[in-house]
Each structure stands twice: as C-alpha cells, then as structure tokens.
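Per my numbering: the sequence shown = residues 1 to 416. Each residue gets a CB set at the ideal place from its N, CA and C atoms; glycine is no exception. Note that the structure is predicted; figures quoted are calculated from it, not measured.
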Amino acid sequence: MTMPGMAMPPETSNADRLAAASAKTAASTAMAMDEGLSTAGSGTSRLPANDQMRGISFMSGDWMLMAHGYAWGSWTDQGGPRGSREAFVQSMAMIEASRPLGGGVDLTVRSMMSGDPLMGERGYPDLFASGESAHGIALVDRQHPHDLFMEMSGRIDVTVGSDRRVFIYGGLPAEPALGPSAFMHRGSARFDPEAPITHHWFDSTHIAWGVVTAGYTTPHWQLEASAFKGREPDENRYNIETPKLDSWAVRATWTPSRAWSSEISYGQLHSPEALNPQQNEQRLIASTSYSAHGLDVTAAYSRKRIVPGRILPAWLAEATYAITPHHAVFGRFENVRNDELFERDEQLGRNPPLLGVPFRVSKFTAGYAYTLPLPHDLAVAFGLAASAYAKSARLDAAYGRDPHSLTLFAKLMLGQ
C-alpha cells in the first residue's frame with residue numbers, strides 16, 4: 001500500500017513535522033513493496049498496482065504496519081457419488097511490518113497464519129481436486145487445509161540506482177519464486193470460496209518449509225531465483241518442519257503498466273509428494289494478471305512433468321468484476337490433465353481399473369457476492385458459487401454423468 005507524501009508549507013508545527021516524517025518513512029517503505037507499476041502479492045510475487053490487497057495500514061514510529069485477514073464460512077453441496085454436503089471455515093491473518101534501515105536499505109517482515117487446521121486433516125470437499133494426504137491416504141476430491149503457520153519471512157531491499165534494487169528474502173515457511181501469486185491473494189479470486197483444482201499445478205508451493213530467494217527489481221522487471229524445500233507440508237498442520245534447500249526455481253516478471261503483470265517461471269521440485277517420494281517434478285508456468293475499472297483477471301498455463309513419468313498440463317482463467325462497491329460477479333475456468341483421481345481407491349484396496357490413467361477435466365464456476373461494509377474497517381460478503389464439470393464418459397461410474405456443485409458463503413474481511 002502506498003502513502004504518498006504531502007507538500008508542506010514553509011512554517012510547520014511540531015505535529016506537522018511528525019506527520020511529514022511519517023509520510024516520508026511510509027513512502028520509503030512503500031518502495032520495498034510497490035514499484036508504482038506493481039503491488040506485492042504472496043511471497044515475492046508481483047501483482048498489478050491496481051490490484052491492492054484489502055487491509056489496514058498505519059505507522060508506529062519508523063515502522064509501517066499492514067494487517068489483512070478473513071474468516072470465511074461456507075456450506076457446500078458437491079454433487080455425484082464422490083461428492084458430499086459439508087460446512088467448513090477457512091481463515092487467514094497476516095501482518096506485515098516495514099521500515100527503512102538507512103543508506104537505501106529497507107526491511108520487511110511478514111507473518112501469516114491460518115485456522116484451517118481446525119477443519120480437520122481432510123479439509124473440505126472439492127470435486128476433482130487432488131494433492132497431499134490425510135492419515136496416510138491420498139486426498140482426492142478434497143482441498144487440504146493450510147498449515148497454522150503459512151509464512152514467517154523477512155526481506156531486505158537495497159537500492160542500487162534511482163529505480164533499481166536488489167533483495168534477499170527467506171523464511172520458514174515462505175514462498176519460492178514459482179508461479180503466480182497464491183490464489184487467496186489474487187483479486188481475480190477474491191470471492192471464489194473453493195481452491196482451484198489446479199492448485200497443485202500453479203501455486204501449491206506458497207507454503208514451503210525453507211526458502212531463500214535473491215532478486216533484482218526495476219519498475220518494469222523483476223528477476224529472481226530461489227532455493228527451497230520441494231516436499232509439500234506434512235499432515236501435522238501445527239508443527240514447524242525441518243528446513244531443506246533441495247529444490248530450485250527461477251522467475252521473471254514484467255509489469256508494463258499499473259493494470260498488467262505477467263510472469264514466467266520454472267522449477268525443479270525434489271520429491272514433492274510424501275506418498276510418492278521417488279518422484280520429482282518439473283514445472284513450467286506462465287501467467288498474466290489484469291486489474292482496472294473494477295475488473296481483475298488472471299490467466300495461466302502450467303506444464304508439470306513427473307520424473308519419471310508423464311507430462312500433465314493445466315489451464316486456468318478467473319475473473320472478478322465489481323459492478324458497484326456492493327455487487328460483484330466472479331467466475332473461473334480450469335482444464336487439467338490429472339492421473340491421481342483413483343490413487344485413494346488403490347490405497348483403500350479397491351483395485352480401480354483406471355488407476356494411473358490421466359484424464360482431462362474441466363471445471364466451470366460462476367458466482368455472485370454482495371459486500372456490506374461494517375464498522376472498524378471490516379466488511380462481510382455474502383454470496384454463492386455454482387460449478388459444472390466436463391469430463392470423459394469413462395469417469396461416469398465414479399463421478400456420475402453430470403455432477404454439479406453449489407456453495408453458499410459469508411466472508412468476514414479486514415479492510416473495505
């Protein structure tokens with residue numbers, strides 16, 4: 001968030017001088033977070049400058065503090081034989097503190113936590129989603145809960161020119177330079193109550209237990225490289241895991257204007273899935289985001305190669321359009337080639353004939369949200385989302401011929 005300075009009259013009071021000093025500190029700190037053409041996303045990712053994170057910011061001495069969070073109650077009816085009806089709550093709380101250290105050096109620290117572990121190890125229903133495990137069994141048609149500790153990181157930026165900086169970022173956990181900003185931080189996914197079924201193709205590394213990233217940034221470009229732990233979080237969602245740096249990623253981001261941000265990234269992930277420790281992954285990801293005139297859009301492609309194994313591509317397009325400050329519509333389209341849909345059945349001894357067969361699945365989601373401002377910088381959004389799916393007829397026995405899903409939600413948000 002930017003806090004532009006104010007022109008001061010020749011004669012000022014002590015209060016005016018303090019206000020000017022705070023504005024100067026905020027402007028210096030904002031350089032570490034927002035280049036004017038972009039704004040900070042999750043980890044070190046960049047979003048269009050117009051896609052501002054909802055939250056509150058304030059000064060405390062030389063520190064600029066920003067707080068963001070939500071508690072999201074949902075009830076879903078996921079259709080078909082593999083679906084279920086459940087209520088669940090997702091939540092996140094984040095606080096970020098930044099300050100200049102002098103000599104063109106800025107420090108940013110961030111802590112992000114989630115109450116998702118309270119929903120249980122199996123998370124919530126999400127047809128055709130896969131990835132991670134619960135009680136040693138693969139999670140299929142469900143979205144896993146996020147860890148209690150989603151990010152505990154620090155970043156130092158050093159100015160090396162009028163508009164150029166180098167930085168180093170790291171944390172336990174933190175997010176490496178791979179893929180777009182995580183879905184819960186994108187304006188295009190602001191009201192969608194379900195994680196993308198392509199989450200493990202694009203942004204599943206947003207919680208990595210051990211990350212070190214170095215980068216070079218200008219207003220239009222950011223180049224960065226990361227070393228990180230490739231294994232996804234374990235089933236104990238409350239613990240601090242042992243860090244490793246056994247995987248790597250590189251990313252280039254281009255921000256030509258305040259409305260656009262595009263990235264291309266590549267990563268080598270060592271043994272990301274605990275149930276298949278002998279398999280590594282190679283991910284090539286390209287994405288672009290647009291934000292202007294009340295419209296936020298993200299489009300992305302991922303080419304995931306299992307080593308040893310096959311290539312599994314995925315596509316995603318999502319958007320949110322704020323018709324007015326109160327009314328918004330949103331939607332998401334996904335297409336993914338997934339070979340994990342019967343992994344759980346095999347572990348349960350059902351010997352599925354389609355085990356390991358890759359299937360292309362498309363998911364179409366459309367929804368509406370009504371936002372009601374509340375006192376104390378809070379707001380609540382009430383809405384619904386409906387989803388339909390396109391799939392191979394060979395999946396009819398498992399999923400039904402024409403499964404549909406409906407989710408109702410209320411999202412309490414910090415910031416309006």
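Query, Result
"Return the CA-CA distance between residue 93 and residue 69, expressed in angstroms with no decimal places.", "4 Å"
"For residue 411, name the three-state secondary structure that DSSP assigns.", "strand"
"My understanding is that residue 108 touches residue 213, with C-beta atoms under 8 Å, so please give their C-beta distance in whole angstroms.", "Going by Cβ atoms, the distance from residue 108 to residue 213 rounds to 13 Å, so no, they are not a contact pair."
"Please classify residue 121: does DSSP put it in a helix, a strand, or coil?", "coil"
"From the DSSP output, in three-state form, read off residue 218 for me.", "coil"
"Report, in whole angstroms, the separation of the C-beta atoms of residue 338 and residue 130, which I expect to be a contact under 8 Å.", "6 Å"
"Expressed to the nearest angstrom, what Euclidean distance is found between the alpha-carbon atoms of residue 253 and residue 291?", "16 Å"
"Looking only at its chain, what residues have a beta carbon closer than 7 Å to the beta carbon of residue 403, apart from the 5 residues adjacent to it on each side?", "79, 80, 83, 127, 389"
"Quick one: is residue 33 buried, meaning 16 or more other Cβ sit within 10 Å of its Cβ, or exposed?", "Because the pLDDT of residue 33 is 42, which lies under 50, any placement of that residue in the model is unreliable, and the question is left without a value."
"At what residue ranges does the segment 174-245 contain a whole run of the beta strand (DSSP E), taking only runs of 3 or more?", "211-217, 221-228"
"Rounded to the nearest angstrom, what separates residue 30 and residue 200 at their Cα positions?", "The predicted position of residue 30 is uncertain, since its pLDDT is 39 and thus under 50; a value taken from the coordinates is nonetheless stated next. Cα to Cα, residue 30 sits roughly 32 Å from residue 200."
"Since residue 396 is in the alpha helix (DSSP H), which residue starts that stretch and which ends it?", "396-399"
"Check this for me: beta carbons of residue 152 and residue 42, under 9 Å apart or not?", "no"
"By the three-class DSSP mapping on this structure, what secondary structure does residue 56 have?", "strand"
"I'd like the span of the alpha helix (DSSP H) that includes residue 420, first residue to last.", "Since the first and last residues shown for the chain are 1 and 416, residue 420 lies out of range."
"By how many angstroms is the C-alpha of residue 40 removed from the C-alpha of residue 58?", "17 Å"
"State buried or exposed for residue 234, treating a residue as buried only when at least 16 other CB atoms are found within 10 Å of its CB.", "exposed"
"How is residue 402 classed by DSSP in three states: helix, strand or coil?", "coil"
"Flag this pair as touching only if the segment 145-163 and the segment 250-266 have three or more C-beta atom pairs under 8 Å; answer yes or no.", "no"
"Would residue 21 be called buried (16 or more neighbouring beta carbons within 10 Å of its own) or exposed?", "Its pLDDT being 38, under 50, residue 21 is placed unreliably in this model, and the coordinates cannot settle the point."
"Between the alpha carbons of residue 320 and residue 393, how many angstroms are there, rounded?", "32 Å"
"Tell me the DSSP bridge mates of residue 67?", "56, 95"
"Return the chain-ordered list of same chain residues with a C-beta closer than 6 Å to the C-beta of residue 356, the five sequence neighbours on each side being excluded.", "339"
"Examine the Cβ distances between the segment 296-316 and the segment 59-67 and report whether three or more of them are shorter than 8 Å.", "no"
"Kindly indicate which three-state DSSP category residue 346 falls into: helix, strand or coil?", "helix"
"Grouping DSSP H, G and I as helix and E and B as strand, with all else coil, what is residue 393?", "helix"
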